[in-house]
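Have a look at the structure below, then the notes.
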Amino acid sequence: MKDIFGKALLDYQTGNYTEDIITSTNISSEDVLPLPYLFRSFSEMPHLEQKALQLAKGNVLDVGCGSGSHSVYLQNKGCDVKAIDISKGAIEVAKTRGVKYAEVLDILDETERFDTILLLMNGTGIFQELIQVSKHLKHLKSLLNPNGQILIDSSDIKYMYEDQDGGFWMDTNAGYYGELDYFISYKGEKEVPMKWLYLDFNTLKLACKTVGLKCELVLQGEHFDYLARLY
Numbered sequence: 011m012k013d014i015f016g017k018a019l020l021d022y023q024t025g026n027y028t029e030d031i032i033t034s035t036n037i038s039s040e041d042v043l044p045l046p047y048l049f050r051s052f053s054e055m056p057h058l059e060q061k062a063l064q065l066a067k068g069n070v071l072d073v074g075c076g077s078g079s080h081s082v083y084l085q086n087k088g089c090d091v092k093a094i095d096i097s098k099g100a101i102e103v104a105k106t107r108g109v110k111y112a113e114v115l116d117i118l119d120e121t122e123r124f125d126t127i128l129l130l131m132n133g134t135g136i137f138q139e140l141i142q143v144s145k146h147l148k149h150l151k152s153l154l155n156p157n158g159q160i161l162i163d164s165s166d167i168k169y170m171y172e173d174q175d176g177g178f179w180m181d182t183n184a185g186y187y188g189e190l191d192y193f194i195s196y197k198g199e200k201e202v203p204m205k206w207l208y209l210d211f212n213t214l215k216l217a218c219k220t221v222g223l224k225c226e227l228v229l230q231g232e233h234f235d236y237l238a239r240l241y
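If you're matching positions, the sequence shown starts at 11 in the numbering used here and goes up one per residue.
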């Protein structure tokens, strides 16, 4: 990984903001991800994220912390927070913004235990493929303290395959429709493509059941997105 995401966050943090990140997937055209959005305050966050932060308690693991916006809010709320991300630049920015405990780490390499684990901004994305969901859920479960919880959000992107007549053009011979190839570029530089998973709630709930986790729907968003609580 070239850590283009981290470079963009560092540019914004150090006052060198001139361009935004460009994203696309194998089923969607280019879209702009504004850098200021990645530094948003609590009042600027979507309702799903606000709800997750309100439900967070105890010592918290913020997975894929990015610039640290969620971690900063939770620290100010009195939580003990550990923020992790695979982006070195993101962790540098999070520390600069005041996150006390931030580390470059893949979730599968985490070994500490927590009362709350946060996976926000399409938290199921890091599972990458449907076949890897159980492995990640088992590991996340092993990181929970007694009475601990996982707060995770995602979207059911079935709507992206709908045609003008209300039918769907999904390839039944292909894999799960939420498995995407995700591309980002910044200032003319392209990142290595990533696999990214959007998981519908019913599929998440079924996967949780197979690994001994309960899964409840906390909140539905305005555009096929949802927040779930696993415990």
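Beta carbons are placed, not taken as given, at the ideal position from N, Cα and C, and that holds for glycine.
**Item:** Alpha-carbon to alpha-carbon, Tyr47 and His88
**Value:** Position check: residue 88 holds Gly in this sequence, whereas His was assumed. Computed Cα separation, rounded: 24 Å.
**Request:** Note down, in chain order, each residue of its chain lying with its Cβ closer than 6 Å to the Cβ of Lys224, except the 5 sequence neighbours on either side.
**Result:** Tyr241
**Asked** Exposed or buried, Asn132, counting other C-beta atoms within 10 Å across all chains shown (16 or more means buried)?
**Response** buried
**Prompt:** Does the separation of the CB atoms of Gly25 and Lys98 fall below 8 Å?
**Reply:** no
**Message:** Quick check on Gly68: does DSSP put it in helix, strand or coil?
**Reply:** coil
**Message:** Looking at the strands, I want to know which residues DSSP matches up with Ala112.
**Reply:** Ala93
**Item:** Range of the contiguous alpha helix (DSSP H) that encloses Val42
**Value:** From DSSP, Val42 is part of no alpha helix (DSSP H) but of the beta strand (DSSP E) over Ser38 to Leu43.
**Prompt:** Does the separation of the CB atoms of Ile127 and Ile94 fall below 8 Å?
**Reply:** no
**Prompt:** Would you call Thr134 buried or exposed, if buried means 16 or more other Cβ atoms sit within 10 Å of its Cβ?
**Reply:** buried
**Prompt:** Measuring CB to CB, does Leu161 end up less than 8 Å from Arg239?
**Reply:** yes
**Asked** Less than 8 Å separating the beta-carbons of Leu227 and Trp206?
**Response** no
**Prompt:** Where does the unbroken beta strand (DSSP E) through Phe211 begin, and where does it stop?
**Reply:** Phe211 -> not in any beta strand (DSSP E); alpha helix (DSSP H) instead, spanning Phe211 to Thr220.
**Message:** For Val202, count the other beta carbons within 10 Å of its own beta carbon; 16 or more makes it buried, fewer makes it exposed. Which is it?
**Reply:** exposed
**Message:** When you compare the region 139-155 with the region 105-123, are there three or more beta-carbon pairs, one atom per stretch, that lie closer than 8 Å?
**Reply:** yes
**Prompt:** Secondary structure at Glu139, three-state DSSP: helix, strand or coil?
**Reply:** coil
**Message:** Applying the 10 Å Cβ sphere with the 16-neighbour rule, what's the burial state of His80?
**Reply:** buried
**Prompt:** Rounded to a whole number of angstroms, what is the C-alpha to C-alpha distance between Ala66 and Asp41?
**Reply:** 31 Å
**Message:** Would Tyr192 and Phe234 be called neighbours here (beta carbons separated by less than 8 Å)?
**Reply:** no
**Message:** For Met55, count the other beta carbons within 10 Å of its own beta carbon; 16 or more makes it buried, fewer makes it exposed. Which is it?
**Reply:** buried
**Prompt:** Exposed or buried, which one is Lys197 when buried takes at least 16 other CB atoms within 10 Å?
**Reply:** exposed
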